[in-house]
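Right, one structure below, let's go through it.
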Amino acid sequence: AQKVTQAQTEISVVEKEDVTLDCVYETRDTTYYLFWYKQPPSGELVFLIRRNSFDEQNEISGRYSWNFQKSTSSFNFTITASQVVDSAVYFCALTPEGAQKLVFGQGTRLTINP
Amino acid sequence: DAGVIQSPRHEVTEMGQEVTLRCKPISGHNSLFWYRQTMMRGLELLIYFNNNVPIDDSGMPEDRFSAKMPNASFSTLKIQPSEPRDSAVYFCASSRDVQSLQPQHFGDGTRLSIL
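Chains U and L, in that order, are what the protein sequence lines are.
2 is the number of the first residue of the first sequence in the working numbering; add one for each residue after it.
3 is the number of the first residue of the second sequence in the working numbering; add one for each residue after it.
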């Protein structure tokens, strides 16, 4: 069975601080995919990134970066120089290859204060 | 490009009534998913379709819930009869290709309140 744990329920920082959201997963599959989604206050779910289990390269997209470490089953997300607009609930999710069943973590509510 | 379109955005109804949620996936996407989001259980997959065929409905809570996809551009999730514990946000999502694990794109959700 697959499981995703986001231990940080809520994080609050001041604007311009860097913040890292943790994600730890469990799976017995050798091939799987990891995702991050953002849910802003308006409620929609916005896709941020997909990573497959064979690609452990870190990825950077503007102020966003992702650190995938298979050895520790973690897929952490860092926002550099945070902004108020980054305030949202962020979900980490997992799915095995060949299956479309996204298993979501409980989410981390991130609040960026001006 | 138009995203996944869900209707209604909000629904308030009394328990016992039938509720129908609607979804139009992104054109060209052949997989469609229904999720439910609650405070207690988070985001849960209810059912998903590939090429209009239900593939996995193991997440459907009980017989009161049913989902259909009569064609590639429309799906419904029906609750009959509805109960207060069904109150949640229901999301529909679609993706292009189940084999290549293209990301799922979500609609804005339907916020359902059963009184």
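Note that the Cβ used here is the ideal one computed from N, Cα and C, for glycine as well.
- Checking the DSSP bridge columns, you'll see valine 104 of chain U partnered with U:Leu95.
- Comparing C-alpha distances from alanine 4 of chain L to each of L:Gln82, L:Arg113, L:Ser84 and L:Gly109 shows the shortest one belongs to L:Gly109.
- In chain order, Gln101 make up the part of chain U whose C-beta sits under 9 Å from the C-beta of serine 97 of chain L.
- Taken atom to atom, the span from the alpha-carbon of glutamine 40 of chain U to that of phenylalanine 93 of chain L is near 12 Å.
- Residue burial is scored here from C-beta neighbours: proline 10 of chain L has fewer than 16 other C-beta atoms within 10 angstroms and is therefore classed as exposed.
- Within chain L, Gly44 have C-beta atoms less than 8 Å from the C-beta of glutamine 107 of chain U, given in sequence order.
- Going by C-alpha positions, threonine 31 of chain U is about 9 Å away from glutamate 98 of chain U.
- Interface residue (Cβ-Cβ distance to chain L less than 9 Å): tyrosine 38 of chain U is classified as such.
- When Cβ-Cβ separations below 9 Å define contact, leucine 46 of chain U makes contact with chain L.
- DSSP lists L:Ser33 and L:Val55 as the bridge partner or partners of asparagine 52 of chain L.
- Close partners of phenylalanine 93 of chain L in chain U (Cβ separation under 7 Å): Leu46.
- In this structure, DSSP gives arginine 52 of chain U an extended state, which the three-state scheme calls strand.
- Around glycine 61 of chain L, the same chain offers Glu46, Leu47, Leu48 and Ile49 as residues with beta carbons nearer than 7 Å, after the five sequence neighbours per side are excluded.
- Taking C-beta atoms under 8 Å as the contact rule, glycine 108 of chain U and glycine 44 of chain L qualify, at a distance of about 7 Å.
- Close CB contacts of phenylalanine 51 of chain L within its chain, under the 6 Å cut and outside five residues either way in sequence, are with Leu34 and Met71 (chain order).
- Proximity to valine 5 of chain U across U:Glu16, U:Tyr34, U:Glu18 and U:Val14 peaks at U:Tyr34, based on C-alpha coordinates.
- For leucine 114 of chain L and alanine 95 of chain L, the gap between their C-alpha atoms comes out near 17 Å.
- Residue state for serine 75 of chain U is assigned as strand, using DSSP reduced to three classes.
- The closest CA to that of arginine 29 of chain U, considering only U:Phe78, U:Val86, U:Arg52 and U:Thr96, is found on U:Thr96.
- Classified as exposed, isoleucine 61 of chain U has fewer than 16 neighbouring CB atoms from the shown chains inside 10 Å of its CB.
- A contact between stretches requires three or more CB pairs, one per stretch, nearer than 8 Å, and the region 78-91 of chain L meets this requirement with the region 13-24 of chain L.
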